[in-house]
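>
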Amino acid sequence: TQLLEQSPQFLSIQEGENLTVYCNSSSVFSSLQWYRQEPGEGPVLLVTVVTGGEVKKLKRLTFQFGDARKDSSLHITAAQTGDTGLYLCAGYSAGNNRKLIWGLGTSLAVNP
Amino acid sequence: NAGVMQNPRHLVRRRGQEARLRCSPMKGHSHVYWYRQLPEEGLKFMVYLQKENIIDESGMPKERFSAEFPKEGPSILRIQQVVRGDSAAYFCASSPGLDSYNEQFFGPGTRLTVL
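Okay, here's the thing in structure tokens:
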């Protein structure tokens with residue numbers, strides 16, 4: 052069974068700090084998607100990474116796809132309270148883009 | 110360009126009743142996915158449909174649960190004879206198709222409470 056493991060499971064930081072969350076697997080993925088989910092809402096797609104070594108930036112968020120396409124990271128610079136939420140990674144395994152494999156998420160709390 | 114719509118947002122049912130959850134995909138999207146999410150658990154895949162076809166229902170319980178995506182109208186997830194264990198948030202996602210990155214876009218969810 053292919054798994055995506057996300058770490059840390061929980062993270063509580065102060066506003067202005069930097070943080071990195073990770074999404075790891077022993078399997079190769081053709082693409083990985085990062086979502087953020089707020090309480091009571093559905094996941095919102097942040098970014099899709101498809102090329103090994105790819106780096107994408109979305110304002111203060113930097114996403115990286117590992118060279119071997121088995122892992123990904125999300126780095127947030129100068130976190131704000133509005134960044135609070137559950138960060139989920141999900142990917143399509145190589146050769147199968149029908150069914151996403153999901154991680155359990157990192158729950159981030161940014162305190163004022 | 111409206112996003113994925115789900116209704117109702119909240120649904121309360123007594124044990125033994127039926128629950129019908131509706132999902133209208135984004136305009137131009139012909140693929141629909143249903144997920145269930147419990148507190149402290151991840152998203153659990155239930156079923157993947159295209160118009161008038163069930164493509165993958167490997168995550169759907171064999172009994173009481175069914176899904177459809179008719180030629181016209183929204184996709185429906187139907188739960189018959191609900192039990193307390195069915196209480197969860199149910200999310201629908203849509204995608205434009207397999208010839209893209211097949212990015213899935215989610216609706217706001219339906220929170221089902223079974224009394």
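Protein chains in written order, with my numbering: chain A, 52 to 163; chain B, 110 to 224.
Ideal placement from N, C-alpha and C gives every residue a C-beta, glycine not left out.
Small disclaimer: the values here were computed from a predicted structure and weren't measured.
Residues of chain A with CB closer than 7 Å to the CB of residue 199/B, please, in chain order.
Those within 7 Å of residue 199/B in chain A number zero; the least Cβ separation is about 10 Å.
> At a Cβ threshold of 7 Å, is residue 130/B touching chain A?
For residue 130/B, the answer is no, since every Cβ of chain A falls outside 7 Å of its Cβ.
> Taking one C-beta from the segment 110-118 of chain A and one from the segment 82-100 of chain A each time, how about it: are there three or more such pairs within less than 8 Å?
Contact between the segment 110-118 of chain A and the segment 82-100 of chain A is present, because at least three Cβ pairs lie under 8 Å.
> Is any beta-carbon of chain B found at less than 7 Å from that of residue 94/A?
Closer than 7 Å: yes.
> Please check the pair residue 132/A and residue 66/A, which I expect to be a contact at CB under 8 Å, by giving their CB distance rounded to whole angstroms.
Contact flag correct, Cβ pair sits at about 6 Å.
> Between the segment 119-139 of chain A and the segment 71-78 of chain A, can you find at least three pairs of beta-carbon atoms closer than 8 Å?
Yes, they touch.
> What first and last residue would you give for the beta strand (DSSP E) that runs through residue 55/A?
Here residue 55/A belongs to no beta strand (DSSP E), and DSSP marks it neither H nor E.
> Which residue's Cα is closest to the Cα of residue 85/A: 118/A, 78/A, 106/A and 77/A?
Out of 118/A, 78/A, 106/A and 77/A, 106/A has the C-alpha closest to the C-alpha of residue 85/A.
> Tell me the DSSP bridge mates of residue 140/B?
Paired residues: 159/B and 204/B.
> Could you check the C-alpha separation between residue 82/A and residue 210/B for me, to the nearest Å?
The alpha-carbon atoms of residue 82/A and residue 210/B are separated by roughly 8 Å.
> Within the segment 77-111 of chain A, note down every full beta strand (DSSP E) run reaching 3 residues or more, in order along the chain.
Counting whole runs of 3 or more residues, the segment 77-111 of chain A contains the beta strand (DSSP E) stretches 80-88, 95-100 and 106-109.
> Let me see if you follow: with CB-CB separation under 7 Å, is residue 147/A close to chain B or not?
Judged by the 7 Å Cβ criterion, residue 147/A is not in contact with chain B.
> So residue 99/A contacts chain B; which residues on that side make the cut at Cβ distance below 7 Å?
Ordered by position in chain B, the residues that pass the 7 Å Cβ test against residue 99/A are 210 and 212.
> Which residues in chain B sit within 7 Å of residue 153/A, going by Cβ to Cβ distance?
What residue 153/A touches in chain B: 151 and 152.
> Does residue 1/A come out as helix, strand or coil in the three-state DSSP assignment?
Shown here, chain A extends from 52 to 163; a query on residue 1/A therefore has no answer.
> Which residues in the same chain as residue 79/A place their Cβ atom closer than 8 Å to its Cβ, once the five residues preceding and following it in sequence are excluded?
Counting only Cβ-Cβ distances below 8 Å, and skipping sequence neighbours, we find 119, 120, 121, 144 and 145.
> Give me the Cα-Cα distance between residue 76/A and residue 153/A, rounded to the nearest whole angstrom.
In a straight line, the C-alpha of residue 76/A is about 11 Å away from that of residue 153/A.
> Between the C-alpha atoms of residue 127/B and residue 159/B, what's the straight-line distance to the nearest angstrom?
Going from the Cα of residue 127/B to the Cα of residue 159/B covers about 24 Å.
> Runs of 3 residues minimum, wholly inside the segment 158-187 of chain B: which ones carry the beta strand (DSSP E) assignment?
Fully enclosed beta strand (DSSP E) runs of 3 or longer: 162-165 and 174-177.
> According to DSSP, is residue 131/B part of a helix, a strand, or is it coil?
Of the three classes helix, strand and coil, the one that applies to residue 131/B here is strand, per DSSP.
> Residues of the segment 69-88 of chain A in Cβ contact with chain B at a cutoff of 7 Å, in chain order, please.
Within the segment 69-88 of chain A, the residues whose Cβ lies closer than 7 Å to some Cβ of chain B are 82 and 84, listed in chain order.
> State the CB to CB distance for the pair residue 175/B and residue 187/B, rounded to an integer number of angstroms; the pair is presumed to be in contact (CB under 8 Å).
About 5 Å; that satisfies the 8 Å criterion.
> The beta strand (DSSP E) spanning residue 161/A covers which residue range?
Start and end: 157-162.
> Does DSSP put residue 118/A in a helix, in a strand, or in coil?
Here residue 118/A sits in coil by DSSP.
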